[in-house]
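Have a look at the structure below, then the notes.
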Amino acid sequence: MSDPTHTARRTVLAAGAAALAGGALTACGSDGEKSPEGQSNGSASAPAASTAATPESGSAGAQVLAKTADVPKGGGTILKEEKLVVTQPTAGSFRCFTAVCPHQGCLVNKVENGSIDCSCHGSKFAIADGAVTKGPSTKGLAEKKIKVAADGNISLA
Ligand code: FES
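This is the structure in structure tokens:
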């Protein structure tokens, strides 16, 4: 019986100190009155438990690059900020490549007629696999792994 009494005294002293510290703290104190009625341990663990229950959105962390509806069939969408190009070579099949041209580093700027084009020097790349279809680039666009969610969100895998 001596322990709960001791804890209760400490709680009262802490509450008194808070009340003396300023009027604003008194409002906070009214929330705290719920738990420390008779349970000496409950008051300390209650706030910690409520914080631990909060993180439920951690699994949806991947950044959405585009929606499948935004990527034309037989074409693609250039994402300038991400320096990526997402293509849909055939219906329902999506690919993603770097948008940085391997020739001299320009960003590709057009997806047309099954081709990803770089206007700097005229290189062209296939939307299906990023391979060079026209130089001067000698290397294709590197592919990036993506995942397509059921709701149509495309994100990096
Ligand atoms: Fe793209 Fe030269 S940088 S063709």
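First residue of the sequence shown: -13, per the working numbering; consecutive thereafter. Glycine included, each C-beta is placed from N, C-alpha and C at the ideal position. Model, not experiment: these values are computed from the prediction.
Discussion item. Assuming glycine 62 and valine 71 are in contact, meaning their beta carbons sit under 8 Å apart, how far apart are those beta carbons, in whole angstroms?
Written reply: In the sequence shown, residue 62 corresponds to position 76, counting from 1. In the sequence shown, residue 71 corresponds to position 85, counting from 1. Contact holds; Cβ gap of about 5 Å.
Item to complete: Could you tell me if the beta carbon of glycine 91 falls within a distance shorter than 8 Å of some heavy atom in the ligand FES?
Response: Counting from one through the sequence shown, the residue named residue 91 turns up at place 105. Yes; taking the cut-off as 8 Å, the Cβ of glycine 91 has a heavy atom of the ligand FES nearer than that.
Discussion item. For the beta strand (DSSP E) containing glycine 195, name the first residue and the last one.
Written reply: As shown, the chain starts at -13 and ends at 143. That puts residue 195 outside it, with no answer to give.
Worksheet item: Is aspartate 103 buried or exposed, if buried means 16 or more other CB atoms sit within 10 Å of its CB?
Response: Indexing the sequence shown from 1 puts residue 103 at position 117. With 16 or more Cβ atoms within 10 Å of its Cβ, aspartate 103 is classed as buried.
Practice prompt. Specify the secondary structure class of threonine 124 as computed by DSSP and reduced to three states.
Written response: The count along the sequence shown starts at 1 and reaches residue 124 at position 138. If DSSP states are grouped into helix, strand and coil, threonine 124 belongs with coil.
Worksheet item: DSSP three-state call for aspartate 103: helix, strand or coil?
Response: The residue labelled residue 103 in the question sits at position 117 within the sequence shown. Here aspartate 103 sits in strand by DSSP.
Discussion item. Tell me whether the segment 73 to 87 and the segment 110 to 120 touch, counting them as touching only if at least three CB pairs, one residue from each stretch, are closer than 8 Å.
Written reply: yes
Worksheet item: Just to check, is the beta-carbon of glycine 116 closer than 8 Å to a non-hydrogen atom of the ligand FES?
Response: Taking the first residue of the sequence shown as position 1, residue 116 is located at position 130. Not under cutoff, so the answer is no.
Practice prompt. Check whether the Cβ of valine 71 lies closer than 8 Å to any heavy atom of the ligand FES, and answer yes or no.
Written response: Stepping through the sequence shown from its first residue, residue 71 is reached at position 85. The answer is no for valine 71.
Worksheet item: Alpha carbon to alpha carbon, what distance is there between lysine 53 and alanine 136?
Response: Position 150 of the sequence shown holds residue 136. Position 67 of the sequence shown holds residue 53. Going by the C-alpha atoms only, they are around 11 Å apart.
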